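A.B. asks:
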Amino acid sequence: IIAGKTLKIPGTATSSSSSAAKPANTTTSKPTTTSTPTTSHTVKAGDTLGALASKYKTSVAAIKTANKLPSTMIYVGQRLVIPAEASTSTDVPQRVGSTFLHYTYPDHVVAAANVNLDALITAGVPSRAEMQSLVRQTAIDMGVDPALALGIAMKESAFKHDSVSPANAIGTMQVIPSSGEWASDLVGRQLNLLNPKDNVVAGVAIIRQLVRTAPSLDVAIASYYQGYGSVTRNGMFSDTKQYVAGVKANMATFK
Numbered sequence: 004i005i006a007g008k009t010l011k012i013p014g015t016a017t018s019s020s021s022s023a024a025k026p027a028n029t030t031t032s033k034p035t036t037t038s039t040p041t042t043s044h045t046v047k048a049g050d051t052l053g054a055l056a057s058k059y060k061t062s063v064a065a066i067k068t069a070n071k072l073p074s075t076m077i078y079v080g081q082r083l084v085i086p087a088e089a090s091t092s093t094d095v096p097q098r099v100g101s102t103f104l105h106y107t108y109p110d111h112v113v114a115a116a117n118v119n120l121d122a123l124i125t126a127g128v129p130s131r132a133e134m135q136s137l138v139r140q141t142a143i144d145m146g147v148d149p150a151l152a153l154g155i156a157m158k159e160s161a162f163k164h165d166s167v168s169p170a171n172a173i174g175t176m177q178v179i180p181s182s183g184e185w186a187s188d189l190v191g192r193q194l195n196l197l198n199p200k201d202n203v204v205a206g207v208a209i210i211r212q213l214v215r216t217a218p219s220l221d222v223a224i225a226s227y228y229q230g231y232g233s234v235t236r237n238g239m240f241s242d243t244k245q246y247v248a249g250v251k252a253n254m255a256t257f258k
């Protein structure tokens, strides 16, 4: 979400209603005049759908449905309708677990990851060959070494766009929502990380910026995985060193 957006949050709904259900067309009764009370929330910097869902005791899927959001990206100043009574966790298949390597992620992050993966699977995605071609061409168009972009994409997802990690890293380039906001700023337009082209643009934009600012290629690659600030403060973690080696090995195959 992007800071500044305002969200509406309905009060408790009746037990017979469902946020995902459509109204039946067989009844002749008129809609009731009683509306569900709502609360407005203006999105601030740092807000995420997962955190808001946790705060208001609802779900990411319910918020996305209520606001017709194409992804979990929101922006500062945005106003959203947030159903107080959310759909249950069984509404979205729980394909993404909570751990990766030695990292364990918060429930709201994993919930958002499962919503995004379900959206990708439902929508259908390009083939791996198509995504590989898209990464190559996007890198060329954006002035980034294609071998570097391809090496990172191969390491991140093996060009499988319907990939979402427990950290809610999305798609071919495995971009988390906060990094997606940064990438949107870098390219000057809002990017939808579920969209194959936007996802690749986001990843390549981040790579380009890291190459420009990092003192070496190894640090740039490491920063894509670990974060530039963390690499600067802590150096490369052991898994980051393995990641860098893997990316550079991949690069050799794309030269």
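At position 142 of the sequence shown (counting the first as 1) the number is 145 in my numbering, and the numbers step up by one without a gap. Even for Gly, the Cβ is constructed at its ideal location relative to N, Cα and C. Being a predicted model, the structure only gives us computed values, none of them experimental.
Can you look up Y59 in the DSSP assignment and give me helix, strand or coil?
C.D. replies: As a working note, residue 59 is residue 56 in the sequence shown. Of the three classes helix, strand and coil, the one that applies to Y59 here is coil, per DSSP.
A.B. asks: Please classify V204: does DSSP put it in a helix, a strand, or coil?
C.D. replies: Within the sequence shown, the letter at position 201 stands for residue 204. Three-state DSSP puts V204 in a helix.
A.B. asks: On the DSSP letters alone, give me the boundaries of the alpha helix (DSSP H) that Q229 sits inside.
C.D. replies: Within the sequence shown, residue 229 is the residue found at index 226, counting from 1. Residues L220 to Q229.
A.B. asks: Against chain D, does N70 count as a neighbour if the rule is that its beta carbon must be under 8 Å from one of theirs?
C.D. replies: Note that chain D does not occur in the displayed structure, where there is just one protein chain.
A.B. asks: Along the alpha helix (DSSP H) that carries V79, what are the first and last residues, could you check?
C.D. replies: Working through the sequence shown from its first residue, we reach residue 79 at position 76. Not the alpha helix (DSSP H): V79 falls in the beta strand (DSSP E), residues Y78 to V84.
A.B. asks: Taking contact to mean 3 or more Cβ pairs, one atom from each stretch, closer than 8 Å, check whether the segment 163-180 and the segment 129-138 are in contact.
C.D. replies: yes
A.B. asks: Could you say which of P86, D50, A65 and I124 lies nearest to M76 if we only look at CA atoms?
C.D. replies: Within the sequence shown, residue 76 is the residue found at index 73, counting from 1. The residue with the shortest Cα to Cα distance from M76 is D50.
A.B. asks: Can you give me the C-alpha to C-alpha distance between T68 and I173, rounded to a whole angstrom?
C.D. replies: For the purposes of this step, residue 68 is identified with residue 65 of the sequence shown, where counting begins at 1. For the purposes of this step, residue 173 is identified with residue 170 of the sequence shown, where counting begins at 1. Going from the Cα of T68 to the Cα of I173 covers about 19 Å.
A.B. asks: Give the secondary structure of F257 by DSSP, where H, G and I count as helix, E and B as strand, and everything else as coil.
C.D. replies: In the sequence shown, counting from the first residue as 1, residue 257 sits at position 254. Three-state DSSP puts F257 in a helix.
A.B. asks: Work out the CA separation of T243 and G183 for me, nearest whole Å.
C.D. replies: Counted from its first residue, the sequence shown places residue 183 at position 180. Counted from its first residue, the sequence shown places residue 243 at position 240. The alpha-carbon atoms of G183 and T243 are separated by roughly 21 Å.
A.B. asks: Would you kindly check if the distance between the Cβ of Y231 and the Cβ of L213 is under 8 Å?
C.D. replies: Here residue 213 corresponds to residue number 210 of the sequence shown, with the count starting at 1. Here residue 231 corresponds to residue number 228 of the sequence shown, with the count starting at 1. Closer than 8 Å, so yes.
A.B. asks: If distances are taken between C-alpha atoms only, which option among A152, P149, A116 and I224 comes closest to L196?
C.D. replies: Here residue 196 refers to the residue found at position 193 of the sequence shown. Looking at the Cα atoms, A116 is the closest of the given residues.
A.B. asks: Under three-state DSSP, which class holds T68?
C.D. replies: Within the sequence shown, residue 68 is the residue found at index 65, counting from 1. Three-state result, T68: helix.
A.B. asks: With respect to the alpha helix (DSSP H) encompassing T259, which residues constitute its N-terminal and C-terminal limits?
C.D. replies: Because the chain is modelled from 4 through 258, residue 259 falls outside the range shown and cannot be assessed.
A.B. asks: Would you tell me roughly how many angstroms separate the C-alpha atoms of A126 and F257, rounded to the nearest one?
C.D. replies: Taking the first residue of the sequence shown as position 1, residue 126 is located at position 123. Taking the first residue of the sequence shown as position 1, residue 257 is located at position 254. So the two alpha carbons sit approximately 29 Å from each other.
A.B. asks: In or out: T141 buried (at least 16 other Cβ within 10 Å) or exposed?
C.D. replies: Walking along the sequence shown from the start, residue 141 turns up at place 138. Classification for T141: buried.
A.B. asks: Near N171, what residues of its chain come up, given a Cβ to Cβ distance below 6 Å and the 5 sequence neighbours on each side ignored?
C.D. replies: Here the question's residue 171 lines up with position 168 in the sequence shown. Same-chain partners within the cutoff: V112, A115, A116 and I179.
A.B. asks: According to DSSP, simplified to helix, strand and coil, what is T243?
C.D. replies: Translated into the one-based positions of the sequence shown, residue 243 becomes position 240. Of the three classes helix, strand and coil, the one that applies to T243 here is helix, per DSSP.
A.B. asks: With distances taken from CA atoms, which of D201, Y228 and S101 is nearest S241?
C.D. replies: Residue numbering aside, residue 241 sits at position 238 when the sequence shown is read from its first letter. Here the closest residue by C-alpha is Y228.
A.B. asks: Taking P169 as part of the alpha helix (DSSP H), name the residues at either end of that continuous run.
C.D. replies: The sequence position of residue 169 within the sequence shown is 166, counting from 1. Note, P169: premise wrong, no alpha helix (DSSP H); not H, not E.
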